[in-house]
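Take 266 as the starting number for the sequence shown in the numbering used here and just add one per residue.
A virtual CB, placed ideally from N, CA and C, is assigned to each residue, including glycine.
Reviewing the structure listed below.
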Amino acid sequence: MNKILTLQGNHTSVVLSYSIDMLPQIVYWGDKVAFSQGEEEQLIQQLITPVPQAFLDNQVVISLLPLLGEGNFQANALAGNRQQLHWAPKFGRVELVSHELNALVFVAYDDTAQLKVQIELRLNSWDILEKQIKLTNLGDNDYQLDELLLSLPISAHVSEMIQFHGRWIHEFQPQRSRIEQPCYLIENLKGRTSNDNPPLLLVGNTGFNYQSGMVYGFHLGWSGNHKIKLSVVDDGRKLVQSGERLLSGEINLRSGASYTTPCLYASYSTSGINGISHNFHRFIRQSKQFATHILPYRPIHINTWEAMYFQHDITMLYQLVDRAASLGIERFVLDDGWFNGRHHERAGLGDWFVGQSKYPNGLQPLIDYVENAGLQFGLWFEPEMVNPDSDLFRNHPEWCLQLSGYQQRLGRYQYVLNLANSAAYDYIKTCLVNLLTEYSIGYIKWDMNRDLVQAGDNSGHPSMHEQVLATYRLLAELNQLFPEVEIESCSSGGARVDLGILRYTNRVWTSDCNDPYERQTIQEGCGIFFPPELLGSHFGPEQAHTTNRLMTLDYRFFTAFFANLGFEQNLLELSDGECNQLREYISIYKQYRHLVHSGDLVRIDTHDVGQKIYGVISSTQQQALFAIAQNDFPQQMVAGKLRLPYLVADKLYRIKLLNAQENTGYLMKQNIPLSRQELILSGKVLTHIGLQLPIMHPQSILLISFDEVK
Ligand code: DGJ
């Protein structure tokens, strides 16, 4: 007999049906529901769907683990074999191991294929559905696992999807498509989360946008190869599947051994993409799974990379510290170039000892100087990598991931260390522990700058999966040994931004691109799933190094504002006037940092494609802060009104423009009142009528605050 089980989140529910010989299936996932007495039995009856002609005789259930062996032709979630046998399993003997209000665990067995699955599903109080599966080989001989996907059904009303394609310095570009039959695939084989295909997906009804529509968001918490597949099966049902993209022969389960998938995180909302963001942001901020907060606030960085690249000059570093301190910057991060032999990108990686030619007395004098100036000291590492021109490689070429018989490919002139090799792991760990013990380092920028190719271990077996686990293990050990040290996940910019690595790291480097024009879109895409305080965003030089574009100070500063602010330029190039301006803006940032880093992020749908409007609202709705970023030339000369349906209708708000509007004189004869004075308007007026915006130049930005009048 079929049984019904329910999981309850805060605003959503998941309803499942199962029987002892049928793996559970999700029959509903949406707005919160509760059943009246006896209704569940009726529900089971009415869920029996018609079977079309020319299909298999009984309906093919899309369970939590849909299988080819059951006739799930397009949605098979498990592939593998035992010496060419047991390649089409079917699970029975279903046992409900535990069921609470928001979590359940099932196990099921295939006695013929000698396999056991354990499926865990949790709908947490932030309305994030978490799913993981563990597969165990109960047979006497090896079982080769090729694929194990996490499947979740979506409504038949879903008709559009947004994926986030990109590349280096151009990450997280939203790409919308219409969903037709039969399937869409996002696949990544780069051995890291990747700049181009992060494991993120939004799907929803026609025209879903930030402020309205039914939307589902999916994210796989894994920092290696992955895939996300969206299928419309032959009878029209739709589902999303995701998991690790295993290499051929990568997972060989010996008798009794298990494989556990990464966690799939998913959410449903009827309040548009903003609803998905709220769920993910709150979850990431509050769940104990993630180590995102160590300090009570997110320090403002100065990072040396674009200020000096490999040309570390101690006099200039001291001047940089002084200038940073005088501006109100709080953390000094010494980027690449500080260790032995690291005078350019072709040498040194792996030799984690302070470079004597640049720092003859070690790092202590610099650290003392930084700390005396009131800043925290942070240091760059790239622990997983080794240059052929390094002592480490000369002594241990066998510690690299490689396939014998082939010339291993270089990426940024470096190889990848096999961290699953215990000797290599111990060496790297010892280097890191020694440095973290010797020096007072409050922050690590943990970089990872190449894709993995032919990543074989010492026996020549594929080792992408093991490499990710070993990296996590190393980070976890450091977290334990140095709980005060914050770690940033950087990978050629934003190539390792995911909830797998964020279990051990506290910040992500969103992109190597500090050009605010590009950053507006990069941060928009990344910020849908990840909250602003996690995203490193740096004020760069007037002419961006990665694009050569010239951008104003305001546009650069206020684009980096809705994130964890930092600076990445030679601050000594700034004029006195610019320093004064930045001092004022940094004090505004400090005043609003808590709000930006804790409030609900919302984006406003505008008709002007060149304009982005976004902001944060405090949980009490007493305060809000919005940015109007005019990235391209306005579509209409007279700008629209900013309507904010997020404040309390009957309360009054003091509205203030926080940065003087730049260079609008040529486009505009007369400015709006807000440019001269504060305004007071009610939440009701702001919801329905809105605030008139000025004419803005392309590549300009305004910051507007809303404070409840007591
Ligand atoms: C790539 C990073 O994304 C940059 O920020 C910088 O740290 C360089 N690596 C240093 O090599």
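Collapsing the DSSP output to three states places M713 in coil. For S442, there is no enclosing alpha helix (DSSP H); the residue is found in the beta strand (DSSP E) stretching over Q438 to R443. Taken in chain order, the complete alpha helix (DSSP H) segments of 4 or more residues contained in the stretch 612–679 are 629–637 and 656–660.
Every residue whose beta carbon comes nearer than 6 Å to a heavy atom of the ligand DGJ appears here in chain order: W570, D600, D601, W645, D712, N714, C755, S757, G758, W774 and D777. With 16 or more other CB atoms across the displayed protein chains lying within 10 angstroms of its CB, S728 is buried. 8 Å or more divides the Cβ of F548 from the Cβ of I766. A straight-line Cα-Cα distance of about 27 Å links E436 and I559. The C-alpha of K492 lies about 13 Å from the C-alpha of F429. Sorting S442, I434 and V773 by C-alpha distance to the C-alpha of A556 places V773 at the top.
One alpha carbon belongs to D587, the other to R563, and they sit about 20 Å apart. Assignment of V326 by DSSP, reduced to helix, strand and coil, places it in the coil class.
Judged by their CB atoms, R510 and N539 are not nearer to each other than the 8 Å cut-off.
Around the beta carbon of M479, 16 or more other beta carbons sit within 10 angstroms, so the residue counts as buried. When DSSP states are grouped into helix, strand and coil, F823 belongs to the helix group. S840 and L909 have their C-alpha atoms roughly 38 Å apart.
In this chain, the beta strand (DSSP E) harbouring I393 covers I393 to N402. Fewer than three beta-carbon pairs drawn from the stretch 846–861 and the stretch 454–463 are found closer than 8 Å, and the two stretches are therefore not classed as touching. The three-state secondary structure of D587, taken from DSSP, is helix.
DSSP, read as helix, strand or coil, puts M581 in helix. Within the same chain, G948 and K949 come within 6 Å of A914 by CB-CB distance, once the 5 residues on both sides are set aside.
In the three-state scheme derived from DSSP, where H, G and I count as helix and E and B as strand, T736 is classed as helix. Per DSSP, the unbroken beta strand (DSSP E) holding K268 starts and ends at K268 to Q273. Y879 sits away from A889, with the two beta carbons spaced by 8 Å or more. Around the Cβ of F795, a 10 Å sphere holds 16 or more other Cβ atoms; the residue is buried.
In the structure shown, C778 adopts coil according to DSSP, grouped into three states.
When rounded, the separation of the alpha-carbon atoms in L329 and L465 is 20 Å.
When secondary structure is reduced to three states using DSSP, R858 falls in the helix class. Counting along the chain, the unbroken alpha helix (DSSP H) around H543 starts and ends at G537 to Q551.
S687: member of the alpha helix (DSSP H) spanning S687 to E703, first to last residue. The shortest CA-to-CA distance from H484 to any of C528, G472 and Y583 is the one to C528. A residue is called buried when at least 16 other Cβ atoms come within 10 angstroms of its Cβ; T526 meets this threshold and is buried.
For F658, the closest C-alpha among the options L682, F646 and Q629 is that of L682.
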